[in-house]
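**Q**
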Amino acid sequence: MTAVVIAFAGIGAGQTAWTTPTAAEVDAIYSDIEAFYIDLHRNPELAFQEVRTAAKLAAHAKALGYDVSTGVGKTGIVAVMKNGPGPTVMLRTELDALPVEEKTDLPFASKVVVKNANGQSIPVMHACGHDIHMSAWAGTARLMAEHKDRWHGTLMLVGQPAEEGGGGAAAMLKDGLFTRFPRPDFALSLHDDDTMPAGTIGYHPGPFRSMSDAVTIVVHGRGGHAAMPMNTVDPIVLAARIVLALQTIVSRENNPIDPVVITIGSIQGGTQANVIPDEVRLQLSVRTYTPEVRGKTLAAIRRVARGEAISAGAPREPEVIAREDGSASAVVYNDPALTARLAVALKAGLGDKTVVEMPAKMTSEDFAEYWNTGKVPSALLHIGAVNAAKFAEIQRTGIPGPAPHSPEWVPDRVPTLKAAIRAEVTELLELFK
Ligand SMILES: [Zn+2]
Ligand SMILES: [Zn+2]
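The working numbering puts the first residue of the sequence shown at 2, with every later residue one more than the last.
1) Throw me the rounded Cβ distance for the His153 and Asn84 pair, which I believe falls under 8 Å.
2) For Arg93, report the span of its beta strand (DSSP E) as first-last.
3) Put His1 into one of helix, strand or coil per three-state DSSP.
4) If we ignore side chains and look at the alpha-carbon of each, how far apart do Ser379 and Tyr334 end up?
5) Please report the distance separating the alpha-carbon of Gln248 from that of Glu293.
6) With a threshold of 6 Å, establish whether the CB of Glu46 neighbours any heavy atom of ligand 1.
7) On the premise that Leu92 lies in contact with Glu425, defined as a C-beta separation below 8 Å, what is that separation, rounded to the nearest angstrom?
8) What residues sit near ligand 1, counting only those whose C-beta is closer than 6 Å to one of its heavy atoms, in chain order?
9) Give the DSSP-derived three-state secondary structure of Met359 in the structure shown.
10) Can you tell me whether Val5 is buried or exposed, with buried defined as 16 or more other CB within 10 angstroms of its CB?
11) Spatial neighbours of Ile322 within its chain, please: CB distance less than 6 Å, with the 5 preceding and 5 following residues excluded, ordered by chain position.
12) Would you kindly work out how many angstroms separate the C-alpha atoms of Gly11 and Trp19, rounded to a whole number?
13) Does the Cβ-Cβ distance between His131 and Glu95 come in under 7 Å?
14) What are the boundary residues of the beta strand (DSSP E) that includes Asn275?
15) Can you round the beta-carbon distance between Gly169 and Gln161 to whole angstroms, since I take them to be within the 8 Å contact cut?
16) Using the three-state DSSP reduction, which class does Gln161 fall into: helix, strand or coil?
17) Taking just the CA atoms, how far does Asp353 sit from Phe392?
18) Tell me whether Ala338 sits in a helix, a strand or coil according to DSSP, three-state version.
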C-alpha cells in the first residue's frame with residue numbers, strides 16, 4: 002500500500018521522498034550560483050533603482066520555466082510556477098543594496114558610485130547580504146524547477162525592491178501582490194546574520210524583528226561670531242545636550258523589560274570653526290517592539306527636545322519630524338506553528354546542530370508587511386554567514402566582527418550559499434508535502 006501512496010506523490014520506483022537536497026545536488030549547481038552572486042555583488046543598486054538586478058533575476062526564472070512578471074511595486078518581480086494541486090508558498094528575496102562604501106578586500110568588491118537627487122556622489126554596496134539572498138533564491142528556483150516531478154503546489158518567488166529604508170513590501174502589496182497573483186498560504190524569507198557561524202540556521206517563533214522609526218530633529222538657535230557666544234544661542238551645544246538627554250529616555254523612563262533603542266546616526270550643523278550656526282539637524286533611529294512603547298518613546302523624544310530648547314533659551318522650538326521614509330511600523334511576527342514546522346523539517350534535513358533557536362533582534366525588516374498588512378502566515382529565518390574560524394576568534398576575544406550594514410561585512414559565501422539553498426528547498430518541500 003505504501004508504494005501506491007508514494008507513486009501518487011509523484012515519486013518513481015527506487016526514489017525516496019525528496020525532503021532535502023543532497024550536498025551533491027547543491028554542489029552540482031554551485032559554480033553557477035557563485036558566479037551569479039559575484040556579478041550581483043559587483044553591481045549593487047539602491048532601493049527602487051534595482052533595474053539591472055531585477056532583470057537578471059527575471060531572466061533566470063524565465064529560463065527555468067517560471068511565469069515572470071516585472072515592475073511589480075516599481076522594480077519588484079514575481080515568478081510563479083504552478084505545479085498541480087497543493088498550497089501556494091511564497092519565497093521572498095530583497096533586491097536592494099545600501100549607500101555604503103565597500104571596504105572589504107574581495108577581488109569583486111563594489112566600486113559603484115551613483116549621484117543622488119542633489120548631485121552628491123553616493124557609494125553603493127551590498128552590505129546587508131541581499132546578494133547572498135538573491136543567489137540562494139536563484140539556486141532554489143533552479144532545484145525546484147529541475148525536480149518538478151517531486152513536489153506539487155504553486156511556488157511564488159518574489160524579488161522585493163527597497164527593503165532598506167522600507168517601502169518595498171508595501172509597494173508590492175499595493176500593486177496587487179496578493180490579488181493579481183496567487184495568494185500565498187505561507188510566506189518565507191531568509192536573512193544572513195553575524196551572530197552564527199556560516200551555514201547555521203536560526204529560527205525564532207513569535208515577534209522577531211523590531212519596529213523602526215526614522216526621526217529628524219531640527220534644533221534652532223541664533224547664530225553669530227564664535228568669539229561672542231553671549232550674543233548667540235548656540236544650537237551645537239543645545240544639540241549635544243539633546244543627544245545625551247535622549248539616552249535617559251531609554252535608561253530612566255522606559256521599563257527595562259521593554260526593549261528600546263535610540264540611536265543618533267547623524268548630526269549636522271555649522272560650516273567652520275569661527276561661526277556659530279543657526280541650526281543643527283539630528284537624525285535618529287528609534288527601535289521598539291510594541292505600539293505603546295513606541296508612542297511613549299516618540300512622545301518623550303518630543304518632550305526632551307522641547308525642554309532642552311526652553312532651557313537653552315532657543316528662539317524657536319525644535320521641529321521633531323517622524324518620517325515615513327526609513328520607518329517600519331510593524332514587527333516581524335514569525336507564525337509560531339509555521340516556524341515550529343519548519344524547524345522540525347530543517348533539523349531532520351540539515352542536522353540538529355545546524356538548526357538552532359535564536360534570540361529576537363532590534364533590527365527591523367519590512368518582511369513584516371506580508372503578515373501585518375497581507376495577513377499571510379510568515380516566517381523569516383536567519384542564516385549564519387561568519388567564517389567558522391573568525392567566529393571562533395570572536396567568541397574567544399569578545400571583540401565583535403563586522404555585521405550587516407558594515408563596509409567590511411563579508412559573508413563566508415561557500416558554506417552560506419550552499420546551506421541557504423538547502424534550507425530554502427527543505428522549507429518549500431515541507432510546505433508542499
Ligand atoms: Zn539591511
Ligand atoms: Zn537586509
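All C-beta atoms, glycine included, are put in the ideal place defined by N, C-alpha and C.
On a predicted model such as this, the values are computed, not experimentally measured, just so you know.
**A** According to the data block:
1) 6 Å
2) 89-95
3) It is not possible to answer for residue 1, since the shown part of the chain is limited to 2 through 434.
4) 7 Å
5) 19 Å
6) no
7) 6 Å
8) Cys129, Glu165, Pro405, His406
9) coil
10) For Val5, the predicted structure reports a pLDDT of 38, less than 50, and the residue's modelled location is therefore unreliable. The matter cannot be settled from this model.
11) Thr217
12) Bear in mind that a pLDDT of 42 at Gly11, under 50, signals an unreliable position, so the number given afterwards is only what the model happens to contain. If I take the Cα positions, the gap works out to 10 Å.
13) yes
14) Taken as a continuous stretch (DSSP letters only), Asn275 belongs to no beta strand (DSSP E), as it is neither H nor E.
15) 5 Å
16) strand
17) 19 Å
18) helix
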